[in-house]
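Line by line, the protein sequences give chains A and B. Under UniProt numbering, think of the first position of the first sequence as 1, with each following residue one higher. Under UniProt numbering, think of the first position of the second sequence as 1, with each following residue one higher.
Number of protein chains: 2
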Amino acid sequence: MKKKDIKILLVDDEPDILEIVGYNLSNEGYQVITAENGSEGVKKAKKEIPHLIILDVMMPEMDGIEACEIIRKNPDLKNTIVAFLTARGEDYSQVAGFDAGADDYITKPIKPKVLVSKVKALLRRFKEEDVADTVKVGSLVINRDEYKITSKGKDIILPRKEFELLSLLASKPGKVFKRDEILDTVWGNEVVVGGRTIDVHIRKLREKLGDKSFKTVKGVGYKFVD
Amino acid sequence: MKKKDIKILLVDDEPDILEIVGYNLSNEGYQVITAENGSEGVKKAKKEIPHLIILDVMMPEMDGIEACEIIRKNPDLKNTIVAFLTARGEDYSQVAGFDAGADDYITKPIKPKVLVSKVKALLRRFKEEDVADTVKVGSLVINRDEYKITSKGKDIILPRKEFELLSLLASKPGKVFKRDEILDTVWGNEVVVGGRTIDVHIRKLREKLGDKSFKTVKGVGYKFVD
DNA sequence: GTTTTTTGGCATCACTTTTGCAATAATTTA
DNA sequence: TAAATTATTGCAAAAGTGATGCCAAAAAAC
């Protein structure tokens, strides 16, 4: 993968930090996206699917830990590396951060050279992961890179929302996902869509993968059965 | 679960690989067990019940595919994650591997960082899956996640209210729940439903789970007996 | 332009609650 | 104690409620 194809999402509420870090990374040739608080960060992460997210721990609206937890729940972002920005010596946040699914830490104050080399190191992993990233769940093979599902030897290309919905349901076969959960994960907490949206997508999936794979639990939600 | 409680079984015939991979994983704090061929791997897997098995595809004695198939047949190992070690571009083994029940792939040549992060990602899944929200009460298994009740080996899907009611009663077998209590818990204090509502639901449960399981205590309420 | 996503309106179905009455148990009274 | 009275629960069917399926069309994304 070329450098210019690598997206880095920067989330911090201090414009100064955003500027200095963003400048250094752009200079290195990376694509930099910024957000000023956790919820905006989560939103952009879902939209852009960056390769690396640098998250400030302390932010208004939604802090980094919380943002990271949400990000980690999104299957599309499972390959995304999350690094926290934290003041040196904040032991507490390190522990909480790793629990939330962080991959690494960058400590303030920020030294451009250190920052850049750390980012390079973190991203090195991507270059080698050009092998298709496939995960098997039950009878399905889910290929997140290609937005493609293999079911019983047949390849099925799914549009994004359908793919995400299936990914979620299939991530835990048998588990009933409540409509709220589904909306949170697939659509995002901020976005509000009408009540009929989910079942329309379920219908499409049923058309494509077979009716029996999706079970309705009235009053609760849907589940994928293997 | 703590890192040092996580067991990883490494199966490869090349001592070099065993060494480098083992070193890196131990360094991360995992418990590493090794085996040098498929049949030894299977043996150790059965004995140790590791959380993750990393299996080389090509080995003398018994190859990874075969070993995986055997492992997958063992119910004790049903929660174990199996990842294959494979040379890049070996498309054939990927397909065969998924068929054999593999969960993921790690490609050679091995880069320690990639390996470690992949292992972390795989095990992340484990943490979540372990907390399956199921409660065993006597002969019943109540699975809140799947909204499903297993009674004497039979799965029974219950409508929401019936499920909640049964959950409550079965939460303390033998205890008599007063009608008020039941209303409070299942229906909520605000909602007011007629007096006959509860026993209608009890009747449904009796139809589905057997008459003797529910005992009426006149003037007081109901109890679930095992 | 095409494809995907969302919406609103209905129809439908499943579940929930009510209703009326019968059956049963508890309590009172003769 | 037996009979009568009263309270409580069981039952079946009917009505009510709300959630879901489905369509076709509009809106948005590509």
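Just so it is clear, CB atoms sit at the ideal spot from N, CA and C, and this is done for glycine as well.
request  = Use the C-beta contact count for Ser213 (chain A): other C-beta atoms within 10 angstroms, 16 or more gives buried, fewer gives exposed.
outcome  = Here residue 213 (chain A) is taken as the residue at index 213 of the first sequence, counted from 1. So Ser213 (chain A) ends up on the buried side.
inquiry  = If distances are taken between C-alpha atoms only, which option among B:Gly210, B:Ile53 and B:Val116 comes closest to Gly29 (chain B)?
reply    = Taking the first residue of the second sequence as position 1, residue 29 (chain B) is located at position 29. That would be B:Val116, whose Cα lies nearest to the Cα of Gly29 (chain B).
ask   = For chain A, is any of its Cβ atoms less than 9 angstroms away from the one on Glu28 (chain B)?
value = Along the second sequence, one-based indexing puts residue 28 (chain B) at 28. Not one chain A Cβ lies under 9 angstroms of Glu28 (chain B).
key: Partner residues on chain A for Asp103 (chain B), Cβ-Cβ distance less than 8 angstroms   = Position 103 of the second sequence, counted from the start, is the residue given in the question as residue 103 (chain B). Here the neighbours are Val135 and Lys136.
ask   = Can you find a CB in chain B that lies within less than 9 angstroms of the CB of Val217 (chain A)?
value = The residue given as residue 217 (chain A) occupies position 217 in the first sequence. Yes, because at least one Cβ of chain B sits closer than 9 angstroms to the Cβ of Val217 (chain A).
ask   = Of all the beta strand (DSSP E) runs that stay within the bounds of the UniProt domain "Response regulatory" (7-123) of chain A, which reach a length of 3 or more residues?
value = 7-11, 31-35, 52-56, 81-87 and 104-108
key: Between the CA atoms of Ala35 (chain A) and Asn27 (chain A) - distance to the nearest angstrom   = Within the first sequence, residue 27 (chain A) is the residue found at index 27, counting from 1. Within the first sequence, residue 35 (chain A) is the residue found at index 35, counting from 1. Distance between the alpha carbons of Asn27 (chain A) and Ala35 (chain A) is about 19 angstroms.
query = In terms of residue numbering, what span does the beta strand (DSSP E) encompassing Asp155 (chain A) cover?
reply = Translated into positions along the first sequence, residue 155 (chain A) becomes position 155. Unbroken beta strand (DSSP E) run through Asp155 (chain A): Lys154 to Ile157.
query = Do you know offhand how far Phe224 (chain B)'s Cα is from Asp184 (chain B)'s?
reply = Against the second sequence, residue 224 (chain B) aligns to sequence position 224. Against the second sequence, residue 184 (chain B) aligns to sequence position 184. Their Cα atoms are separated by approximately 18 angstroms.
inquiry  = Which residues in chain A have a C-beta closer than 8 angstroms to the C-beta of Pro159 (chain B)? List them in chain order.
reply    = Within the second sequence, numbered from 1, the residue matching residue 159 (chain B) stands at position 159. Within chain A, the residues near Pro159 (chain B) are Lys218 and Gly219.
ask   = Is the shortest distance between the beta-carbon of Val82 (chain A) and the beta-carbons of chain B less than 9 angstroms?
value = The sequence position of residue 82 (chain A) within the first sequence is 82, counting from 1. Chain B contact via Cβ: absent.
request  = Could you tell me whether the Cβ of Asp13 (chain A) comes closer than 9 angstroms to any Cβ of chain B?
outcome  = Mapped onto the first sequence, residue 13 (chain A) falls at position 13. With 9 angstroms as the cut-off, Asp13 (chain A) does not count as an interface residue toward chain B.
task = Using a Cβ cut-off of 7 angstroms, pull out every chain B residue sitting near Ser223 (chain A), in sequence order please.
result = In the first sequence, the residue the question calls residue 223 (chain A) occupies position 223. The amino acid occupying residue 223 (chain A) in the given sequence is Lys; Ser does not appear at that position. Those within 7 angstroms of Lys223 (chain A) in chain B are Glu146.
request  = Indicate whether at least one CB of chain B lies closer than 9 angstroms to the CB of Gly195 (chain A).
outcome  = Along the first sequence, read from residue 1 onward, the residue named residue 195 (chain A) stands at position 195. Chain B contact via Cβ: absent.
task = Could you list which residues in chain B have their beta carbon closer than 8 angstroms to that of Lys175 (chain A), in chain order?
result = Here residue 175 (chain A) corresponds to residue number 175 of the first sequence, with the count starting at 1. Asp145 and Glu146, listed in chain order.
task = To the nearest angstrom, report how far apart Ile157 (chain A) and Ile149 (chain A) are at their CA atoms.
result = Position 157 of the first sequence, counted from the start, is the residue given in the question as residue 157 (chain A). Position 149 of the first sequence, counted from the start, is the residue given in the question as residue 149 (chain A). The straight-line gap from Cα to Cα measures roughly 6 angstroms.
ask   = To which residues of the same chain is Leu166 (chain B) closer than 6 angstroms at the C-beta, ignoring the five residues directly before and after it?
value = Here residue 166 (chain B) refers to the residue found at position 166 when the second sequence is read from its first residue. If we look at Leu166 (chain B) and ignore the five residues flanking it on each side, its Cβ neighbours are Leu205.
query = Is the beta carbon of Ile17 (chain A) less than 9 angstroms from the beta carbon of Ile53 (chain A)?
reply = Start at 1 with the first residue of the first sequence, and residue 17 (chain A) comes out as number 17. Start at 1 with the first residue of the first sequence, and residue 53 (chain A) comes out as number 53. Cβ distance not < 9 angstroms, so Ile17 (chain A) and Ile53 (chain A) don't count as in contact.
ask   = Does the Cβ-Cβ distance between Arg144 (chain A) and Val135 (chain A) come in under 9 angstroms?
value = Locating residue 144 (chain A) in the first sequence gives position 144, where the first residue counts as 1. Locating residue 135 (chain A) in the first sequence gives position 135, where the first residue counts as 1. In this structure, Val135 (chain A) lies closer than 9 angstroms to Arg144 (chain A) by Cβ.
message = Need the endpoints of the beta strand (DSSP E) that Lys136 (chain B) sits in, please.
response = Counted from its first residue, the second sequence places residue 136 (chain B) at position 136. Lys136 (chain B) -> beta strand (DSSP E) spans Thr134 to Val137.
inquiry  = Distance check for Leu209 (chain A) and Leu209 (chain B), CA to CA, integer angstroms please.
reply    = Here residue 209 (chain B) corresponds to residue number 209 of the second sequence, with the count starting at 1. Here residue 209 (chain A) corresponds to residue number 209 of the first sequence, with the count starting at 1. Cα-Cα distance, rounded: 33 angstroms.
inquiry  = Suppose contacts are defined by Cβ-Cβ distances below 9 angstroms. Is Ile142 (chain B) in contact with Ala170 (chain B) by that definition?
reply    = Against the second sequence, residue 142 (chain B) aligns to sequence position 142. Against the second sequence, residue 170 (chain B) aligns to sequence position 170. In this structure, Ile142 (chain B) lies near Ala170 (chain B), with their beta-carbon atoms less than 9 angstroms apart.
key: Close-in-space but distant-in-sequence residues of the same chain around Leu85 (chain B) (CB under 7 angstroms, 5 per side omitted)   = Here residue 85 (chain B) refers to the residue found at position 85 of the second sequence. Around Leu85 (chain B): Asp12, Ile54, Leu55, Asp56, Val57, Ile106 and Lys108.
query = If you compare alpha carbons, which of A:Ser139, A:Ile182 and A:Glu181 is closest to Asp226 (chain A)?
reply = Within the first sequence, the letter at position 226 stands for residue 226 (chain A). Minimum Cα distance to Asp226 (chain A) is reached at A:Ser139.
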